[in-house]
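The block underneath contains the structure these notes are about, expressed in structure tokens.
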Amino acid sequence: MTTQLEANKPAGARTRGSKDRSKNRKGAAPTRVTSAANRSDWKLGWLLITPAILGFLVFALYPTLRGIYLSFTDFRVLTPAKWIGLGNYEMLLNDKVFWDSLLTTLYFVFLAVLLGVAISMLTAVILHRVTNSTVIRGLIILPFLISSVVAGVVWSWMLDSQLGIVNLWIESLSGETIRFLSDRAWVIPSLAVITVWKSMGYTTILIFAGLQTIPPQVYEAARTDGANEFQMFRRITLPLLRPITAMVTILTIISAFQVFDIVQVTTKGGPANASNVLQMYIYDKAFGQLDFGYGATMSLALFAMLIVISFTQMRLMRASESDTN
Amino acid sequence: MTSSVTASRLRRTRAKPSVGRGFAWGYLVLILIITIFPFYWMLRTALSNNYGLTTDPISILPVDFTLGPFQRVLGLASVADARAEGGSGATLDLGIYIRNSMIYAGVATFCQVFFATLAAYSFSRLQWKGRDLVFGILFTALMIPAILTLLPNFVLIKELGLTNSFAGLILPGAFFSAFNIFFLRQFFLGLSREIEEAALIDGASKIRVLFQIVVPSASGPIITLAILGFINYWNDYFWPLIIAADPKVQPLTLALAVFKQSSPQVAPDWAGLMAASLLAALPMLILFMVFGKRIVNSLGFTGIR
């Protein structure tokens, strides 16, 4: 969630900033008067950003560089790191569990993103057209507010193969039960559905906010010209929403790639590694087997993938420009 | 499917009820049910006798209504009573974990927002050499995902001897949040400076201007950031999982996960688990009831440009 929020808030902030800036221009004269006095602010200026700079250096920059360094070492926490050059990277290339884990993750990302974006888009478009109710939007984001641990516990109860309500309903319809979280074939789709349940409200609200920026006149003009609703959705809503769709898709992909909490609480990567997603494997290597060097290597690999995906996605969907401007 | 439903709905935007509109509402109701049902199911299970659950699992109402699950996870029931209702005897010392979560989420959020406010003021109102360069460098941190810093930060906290302490939990995120700084700086830049200038001419110090004029004018965004930060920290799992093995500092989310793992694999105490989950989610549900509208609007607001 942190990454989601972090990645998209600047965009929101910009609106308000630029809107209010014009108001500010009226007060330009007094600004100029005191700006001379402002120049002597370097002491206070540095004092106020010292905590932020310390935090940045110690807990963001240093660990990033150190992570890169550790990826070239054999490091087990208790003994000092030992430089082994590309050893971890060679191991990565030959580690079948890693590649299986990557495939599992990709499968999960594919399902979670496809389902998540499609359902959120549909819900947002319908919400936008039918009601402006904050209460309904509020209820929809409810799962987003609770922790993944709670979501994981509740869904493992509802999906339980003997007493879970979902299975009892399925049984009464088909006579069979599905071992959602303990069947190799079902575990990833089940985890994807739980993830979509939890995050759908958030993506819906983001898309909804995007829809609100489309001027209603555009639709009115199209209606006057005799466009039907399907044409309007295809020719107006979709193209105008492209930047938001791109952003939401990227955010969903990035957070799906880092899925951990729900997996850790429900399956711990099982049955037999069938839900051993990358983050789970990294956790297991680092904290289960204390192989921090290799853990750092895999973290870097995951980071590299995220960067490549973000950039490709940005290009493909031309996220930086909407068709209006 | 998507487009046909929306299309038929779209046609009658402001017209009388239509088939499309009916479908649209039907869809929304379905989505709402799927969204809300697990919460209801938590409550229904938490008010049931755990043995009753096996005999009548499909009942939509609590089976053999009892407050037992809440009592036993809170440690208020005797072990014998707990066993009689299907409990494992494991309890969740909720008071301590809520306190831990409050300290963790409260202090971390406060520090994060407070230091971001100071930095944002410095970046938006004070003139000093290298300001824009420093801002640019800090801004790149938005690109660093948690995954990259998680393991090295753990190693660092361990080297500092701060595992199993609130300091270890809170420190990494407390001082610096690129997003909060950026967000508040943008907002401060948009605020009219007239009152500030007047106060400065009257001889007020910059610090006073910050706390008595700028912060009150920006209370909306500051509260929004605080709420979002608090939710984030309250629900945080991965970091506490690796840092806080000691129950004395474990936040509630982690305690719940541990509680789940401690319940027996065969015939677990689902009623107790649901009671614990509900209690773990309760603070967020209360926050939601109080600030629901603000949360909805701020989430949307964070997304659009």
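Just so you know, the protein sequences line up as chains P and W, in that order.
Just so we're aligned, residue 1 is where the first sequence starts under the numbering used here, counting upward by one.
Just so we're aligned, residue 1001 is where the second sequence starts under the numbering used here, counting upward by one.
Backbone N, C-alpha and C fix where the C-beta goes; we use that ideal spot for every residue, glycine too.
Because the structure is a prediction, the values reported are computed rather than measured.
{"Asked": "DSSP-derived helix/strand/coil call for Trp83(P)", "Found": "strand"}
{"Asked": "Residues bridged to Asp95(P) (per DSSP)", "Found": "DSSP output for Asp95(P) lists no bridge partner at all."}
{"Asked": "Short CB-CB distance (under 8 angstroms) between Leu1043(W) and chain P", "Found": "no"}
{"Asked": "Neighbour flag for Phe1070(W) against chain P, beta carbons, 8 angstroms", "Found": "no"}
{"Asked": "Residue span of the alpha helix (DSSP H) that contains Arg1125(W), given as start and end", "Found": "1094 to 1125"}
{"Asked": "Within-8 angstroms CB hit, Arg137(P) to chain W", "Found": "yes"}
{"Asked": "Per-residue contacts from Ser174(P) into chain W (C-beta, under 7 angstroms)", "Found": "Per Cβ cutoff of 7 angstroms: no residues; Ser174(P) is ~15 angstroms from chain W at best."}
{"Asked": "When Ile207(P), Tyr89(P), Phe59(P), His128(P) are compared against Ile244(P), the one with the closest alpha-carbon", "Found": "Ile207(P)"}
{"Asked": "Beta strand (DSSP E) runs wholly inside the stretch 258 to 291 of chain P, at least 3 long, in chain order", "Found": "none"}
{"Asked": "Partner residues on chain W for Trp155(P), Cβ-Cβ distance less than 8 angstroms", "Found": "Pro1038"}
{"Asked": "Given Phe1179(W) as reference, the closest of Gly1020(W), Ala1120(W), Pro1240(W), Met1102(W) once Cα atoms are compared", "Found": "Ala1120(W)"}
{"Asked": "Alpha-carbon to alpha-carbon, Leu1092(W) and Leu1074(W)", "Found": "6 angstroms"}
{"Asked": "Cβ contact check for the stretch 262 to 270 of chain P and the stretch 175 to 191 of chain P: 3 or more pairs under 8 angstroms", "Found": "yes"}
{"Asked": "At least three beta-carbon pairs within less than 8 angstroms, the stretch 1286 to 1299 of chain W to the stretch 1219 to 1227 of chain W", "Found": "yes"}
{"Asked": "Beta-carbon proximity of Ala342(P) to Phe1065(W), cut-off 8 angstroms", "Found": "Beyond the ends of chain P as shown, which are 1 and 325, falls residue 342(P); an answer cannot be given."}
{"Asked": "Proximal residues of chain P, C-beta to C-beta of Trp1270(W) below 8 angstroms", "Found": "Trp157, Asp160, Leu163"}
{"Asked": "Pick from Gly201(P), Gln231(P), Ile236(P), Gly226(P) that is closest to Pro215(P), judged by C-alpha positions", "Found": "Ile236(P)"}
{"Asked": "Three or more C-beta pairs below 8 angstroms linking the stretch 150 to 169 of chain P and the stretch 1266 to 1285 of chain W", "Found": "yes"}
{"Asked": "Neighbour list for Arg1131(W) in chain P, Cβ cutoff strictly below 8 angstroms", "Found": "Gly45"}
{"Asked": "Residue-level contact to chain P via CB, Ala1281(W), 8 angstroms cutoff", "Found": "yes"}
{"Asked": "C-beta contact flag for Pro1264(W) and Leu1254(W) at 8 angstroms", "Found": "no"}
{"Asked": "Continuous alpha helix (DSSP H) assignments of at least 4 residues falling wholly in the stretch 114 to 200 of chain P", "Found": "134 to 145, 148 to 158, 165 to 174"}
{"Asked": "Segment contact, 8 angstroms Cβ cut-off, at least three pairs: the stretch 1018 to 1037 of chain W with the stretch 128 to 143 of chain P", "Found": "yes"}
{"Asked": "Close beta carbons around Asn167(P), own chain, < 8 angstroms, minus the five adjacent residues each side", "Found": "Leu159, Asp160, Ser161, Thr177, Ile178, Phe180"}
{"Asked": "Identity of the residue in Ala1046(W), Thr1054(W), Phe1211(W), Leu1142(W) nearest Val153(P) by Cα", "Found": "Ala1046(W)"}
{"Asked": "Cβ-Cβ distance between Leu1156(W) and Pro63(P) below 8 angstroms", "Found": "yes"}
{"Asked": "Beta-carbon proximity of Ile1213(W) to Ile140(P), cut-off 8 angstroms", "Found": "no"}
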